[in-house]
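*Asks:* If you're matching positions, the sequence shown starts at 40 in this note's numbering and goes up one per residue.
Each residue gets a CB set at the ideal place from its N, CA and C atoms; glycine is no exception.
Since the structure is predicted, the reported quantities are computational estimates derived from the model, not experimental observations.
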Amino acid sequence: MDFSVKVAVITGGASGMGGAAVKQFSAAGGHAIIVDRNADLAEQVAAETGAMAMIGDVSDSLFCNQVIESAVNKHGKVDILLNAAGIIVRSNGVGTTDEQWHRVMNINVSGTFFMCRAAIQQMLKQGHGSIVNFGSIWGDLGAAGVAAYCASKGAVHNLTRALALDHAQDNIRINAVCPGEVNTPMIQSERNEPVTPELMARLASTVPMGRLADPAEIAKVALFIASDEASYMTGSLVNVDAGFTAR
Ligand SMILES: NC(=O)c1ccc[n+]([C@@H]2O[C@H](COP(=O)([O-])OP(=O)(O)OC[C@H]3O[C@@H](n4cnc5c(N)ncnc54)[C@H](O)[C@@H]3O)[C@@H](O)[C@H]2O)c1
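1. Have a look at residue 94 and residue 142 and give me their C-alpha separation to the nearest angstrom.
2. In the DSSP assignment, what residue or residues form a beta bridge with residue 70?
3. Just the Cα atoms here: how many angstroms apart are residue 147 and residue 250?
4. Between residue 144 and residue 183, how many whole angstroms is the CB-CB distance? I'm expecting something under 8 angstroms.
5. Beta-carbon separation of residue 199 and residue 215 under 8 angstroms?
6. Of the choices 87, 70, 54, whose alpha-carbon is the least far from that of residue 76?
7. Is it true that the segment 174-182 meets the segment 222-233, where meeting means three or more beta-carbon pairs spaced less than 8 angstroms apart?
8. Nearest by alpha-carbon distance to residue 207: which of 163, 237, 248, 218 is it?
9. Tell me where the beta strand (DSSP E) around residue 221 begins and ends.
10. Taking 7 angstroms as the cut-off, is the CB of residue 235 close to at least one heavy atom of ligand 1?
11. For residue 174 and residue 211, which I take to be in contact (beta-carbon distance under 8 angstroms), what is that distance rounded to the nearest angstrom?
12. Helix, strand or coil for residue 279, going by three-state DSSP, please let me know.
13. Note the first and the last residue of the continuous beta strand (DSSP E) segment covering residue 122.
14. Does residue 77 come within less than 8 angstroms of chain C when only Cβ atoms are used?
15. Assuming contact is defined by CB atoms lying nearer than 8 angstroms, are residue 190 and residue 150 in contact in what I supplied?
16. Would you identify the three-state DSSP class for residue 85, choosing helix, strand or coil?
17. For residue 194, collect the residues of the same chain with a Cβ closer than 6 angstroms to its Cβ; drop the 5 residues on either side in sequence, then sort them by chain order.
18. With DSSP as the reference, identify every bridge partner of residue 173, one or two as the case may be.
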C-alpha cells in the first residue's frame, strides 16, 4: 500500500496492533501520529518509525481534541484515524466492580467516541476522511468472564455503524476491524494465571486455524480498510479471526 502524503492518527500506537499499524503505515510513506498513554513505548516506536508521539489518555475528550488540533497544525489534515487504544478486564458480571466497569467503558467506548468526534469535525472541514475502530469477536459474541469488555466492544460496533450512517454522504468512511485472538501484550493483561506455553496452546486450540494472529496480520487489514482502496466500504465490521466466528 502507498500512504505517501497521507496523515494517520493511531491510538494505542505504542503496542500490539496499533504499533504494527504505525510501523506499516510509516514504511508505506505516511505520516503517523501515535496517541498512547505509555510514554516510554510510544517514544520508542516514534524513534523507530519517524512518527510523532502524543502522550495522554483517550478517555479525556479535551486531550482527544488537542490530538487532532496538533496533527492539523503539523500536517494540515487528518486523512485516517485508527482507534486501537483499549483495555480488558477479566471478570464476570457480578465480579466486576464499579471502577472496572467505568474504566473499560471510559477507555474502550468513550475514548473511541471522543477520538471519532474530534477527527470527524476536522474531516468535515477538509471534505474527506477514513476511520477504523478496533472492535472484537467479543463485540458480537458473548464470552464468559469478560462482561465489561464484551459490552464495550458491542458498543464500539454499533457506534461504528451509527457514525458511518451519520457521514455516509460526507466522503467520510467509518468501519471497524474485529480481531480474534491476537498475540499482543493484552493477552497477559489482568490474567490471574501466567502466560505459559500451555496457556498459549489452549488459546490456539480455540481457533479454527489453530494459531493466534501476529499483530501485523490484523494491522494490514485495518490499513487496507482505512486506505482509498476500500472506497466502497463504510459501516462494515470486518472479522479477522481465522474462522472463529464462522462456526
Ligand atoms: N489482543 C487481542 O487478542 C485482541 C482481540 C480483539 C480486539 N482487540 C482490541 O484491539 C485493540 C488493540 O489491542 P492490542 O491487543 O494491540 O493491545 P495492547 O495492549 O498491545 O495495546 C493497547 C495500547 O493502548 C494503549 N492504551 C490503553 N489505554 C489507553 C488510554 N486510555 N489512552 C491512550 N492509550 C491507551 C496502551 O498503552 C497500549 O499501548 C484494543 O482495542 C483491543 O481491545 C485485541
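*Replies:* Considering the structure as presented:
1. 18 angstroms
2. 46
3. Their Cα atoms are separated by approximately 26 angstroms.
4. About 19 angstroms separates the two Cβ atoms, so there is no contact after all.
5. A contact, by the Cβ cut-off of 8 angstroms.
6. If we check each option's Cα against that of residue 76, 54 comes out closest.
7. no
8. 163
9. Premise fails: residue 221 is in no beta strand (DSSP E) and is neither H nor E.
10. no
11. Contact flag wrong, Cβ pair sits at about 18 angstroms.
12. strand
13. 119-122
14. Reference to chain C is not applicable here, since this structure consists of a single protein chain.
15. no
16. helix
17. 148
18. 216
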